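In my numbering, the protein residues as written are 23 to 259. Working notes, structure below.
Listed below in structure tokens is the structure:
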């Protein structure tokens, strides 16, 4: 039987694990680090949650934070400091096109959906490169096939999407009504016909609209909100 760890030692272990992990850690993952007797047999997971709360409090006012996302907890740089920290890397982060972000957001809000469902809302073809990029990023996955001719794939969003956008669950997504108000207030200039799009019956291609070349990168909320731009009265004016 191992000796039970005191609060300070437990905090150091949890902190070290969070810093070493390449992905968010759930309470269960953290609990699995300890052998029988090292945690209170009745309240071990509560000890871990209390330790995580302490670490979050101690990070206040520092350049990093302890953030809970869908897959668990992780240390991350505060968003307001990213313009400086990002200069450590010469490679710039990928920039995603409006077409890709609209496709992603439609999957998130209307899941599970098929490619045809997305095309019926957007009114233009969904290039295979868009779906491939979203699958490779781990933001969407195939969740089944629709009982219809050809058994088309049904797509849904993943925990990886939630983690990337700092969300704990899909319930944390802004309501569609709030998104529409935000678009009308701040993103009215984006409610224009999408340049270089192909009609829905066109073949797939790797156009600039799919790669995001030459387009600005929206914030996380704006990225999700873009799906509903095509729903607004001014979207096709």
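Glycine is no exception: its CB is placed at the ideal position from the N, C-alpha and C atoms. Predicted, not measured: the structure shown is a model, and the values here were computed from it.
Minimum C-alpha distance to residue 117 - residue among 185, 199 and 159:
The sequence position of residue 117 within the chain shown is 95, counting from 1. With distances taken between Cα atoms, residue 117 lies closest to 159.
Can you look up residue 150 in the DSSP assignment and give me helix, strand or coil?
Counting from one through the chain shown, the residue named residue 150 turns up at place 128. Helix at residue 150.
If you compare alpha carbons, which of 197, 199, 187 and 196 is closest to residue 90?
Here residue 90 corresponds to residue number 68 of the chain shown, with the count starting at 1. Checked all of 197, 199, 187 and 196; the closest Cα to residue 90 is 187.
Per DSSP, what kind of secondary structure is residue 231 in: helix, strand or coil?
The sequence position of residue 231 within the chain shown is 209, counting from 1. Below a pLDDT of 50, predicted positions are generally treated as unreliable, and residue 231, at 42, falls in that range; no measurement from the model is reported.
What are the boundary residues of the alpha helix (DSSP H) that includes residue 69?
Counting from one through the chain shown, the residue named residue 69 turns up at place 47. Residue 69: member of the alpha helix (DSSP H) spanning 66 to 80, first to last residue.
Are residue 126 and residue 156 closer than 8 Å when you measure CB to CB?
Start at 1 with the first residue of the chain shown, and residue 126 comes out as number 104. Start at 1 with the first residue of the chain shown, and residue 156 comes out as number 134. Yes, they are a contact pair.
Kindly give me the distance between the Cβ atoms of residue 178 and residue 133, rounded to whole angstroms, as I take these residues to be in contact under 8 Å.
Position 156 of the chain shown holds residue 178. Position 111 of the chain shown holds residue 133. Sure, about 4 Å apart at Cβ, within 8 Å.
Measuring alpha carbon to alpha carbon, tell me which residue in 64, 83 and 88 is nearest residue 75.
On the chain shown, residue 75 is found 53 positions in, with the first residue counted as 1. When each option's Cα is compared against that of residue 75, the closest is 88.
Applying the 10 Å Cβ sphere with the 16-neighbour rule, what's the burial state of residue 79?
For the purposes of this step, residue 79 is taken as residue 57 along the chain shown, with counting starting at 1. Exposed is the call here.
At the level of alpha carbons, what is the spacing between residue 26 and residue 124?
Here the question's residue 26 lines up with position 4 in the chain shown. Here the question's residue 124 lines up with position 102 in the chain shown. C-alpha of residue 26 to C-alpha of residue 124: approximately 51 Å in a straight line.
How about residue 96 and residue 174: are their beta carbons less than 8 Å apart?
Within the chain shown, numbered from 1, the residue matching residue 96 stands at position 74. Within the chain shown, numbered from 1, the residue matching residue 174 stands at position 152. With respect to residue 174, residue 96 sits apart: the two C-beta atoms are not nearer than 8 Å.
Given this structure, state the Cα-to-Cα distance separating residue 196 from residue 140, to the nearest angstrom.
Numbered from 1 along the chain shown, position 174 holds the residue referred to as residue 196. Numbered from 1 along the chain shown, position 118 holds the residue referred to as residue 140. Distance between the alpha carbons of residue 196 and residue 140: 20 Å.
The alpha helix (DSSP H) spanning residue 186 covers which residue range?
Here residue 186 corresponds to residue number 164 of the chain shown, with the count starting at 1. Taken as a continuous stretch (DSSP letters only), the alpha helix (DSSP H) holding residue 186 covers 181 to 186.
Going along the chain, which unbroken runs of the alpha helix (DSSP H) with 4 or more residues stay wholly within the region 23 to 58?
Taking only runs of at least 4 residues, the alpha helix (DSSP H) segments lying wholly in the region 23 to 58 are 29 to 42 and 49 to 53.
Compute the Euclidean distance between the alpha carbons of residue 142 and residue 148, then round it to the nearest angstrom.
For this step, residue 142 is matched to residue 120 along the chain shown. For this step, residue 148 is matched to residue 126 along the chain shown. So the two alpha carbons sit approximately 10 Å from each other.
Spell out the partners DSSP gives residue 87 in its beta bridges.
The residue given as residue 87 occupies position 65 in the chain shown. In DSSP, residue 87 forms a bridge with 98.
For residue 33, which of 77, 55 and 122 has the nearest alpha-carbon?
On the chain shown, position 11 is the one that residue 33 refers to. When 77, 55 and 122 are compared, the shortest CA-CA separation from residue 33 is found for 77.
How many whole angstroms separate the CB atoms of residue 85 and residue 110, which I take to be in contact at a CB cut-off of 8 Å?
Counting from one through the chain shown, the residue named residue 85 turns up at place 63. Counting from one through the chain shown, the residue named residue 110 turns up at place 88. That belief does not hold up - the Cβ atoms of residue 85 and residue 110 are roughly 13 Å apart, past 8 Å.
Nearest candidate by alpha-carbon position, reference residue 161, set 183, 62, 72 and 58:
In the chain shown, counting from the first residue as 1, residue 161 sits at position 139. Minimum Cα distance to residue 161 is reached at 183.
Using CA coordinates, which residue listed in 164, 40 and 131 is at the minimum distance from residue 199?
For the purposes of this step, residue 199 is identified with residue 177 of the chain shown, where counting begins at 1. Comparing Cα-Cα distances from residue 199 to each of 164, 40 and 131, the minimum goes to 131.
Return the first residue and the last residue of the beta strand (DSSP E) that residue 163 is part of.
Here residue 163 refers to the residue found at position 141 when the chain shown is read from its first residue. Looking at the DSSP string, the run of the beta strand (DSSP E) that includes residue 163 is 162 to 167.
Spatial distance of residue 108 from residue 69 (CA atoms):
Within the chain shown, the letter at position 86 stands for residue 108. Within the chain shown, the letter at position 47 stands for residue 69. The C-alpha of residue 108 lies about 35 Å from the C-alpha of residue 69.
Cα-Cα, which of 93, 50 and 56 is closest to residue 189?
Counted from its first residue, the chain shown places residue 189 at position 167. Measuring from the Cα of residue 189, the nearest candidate turns out to be 93.
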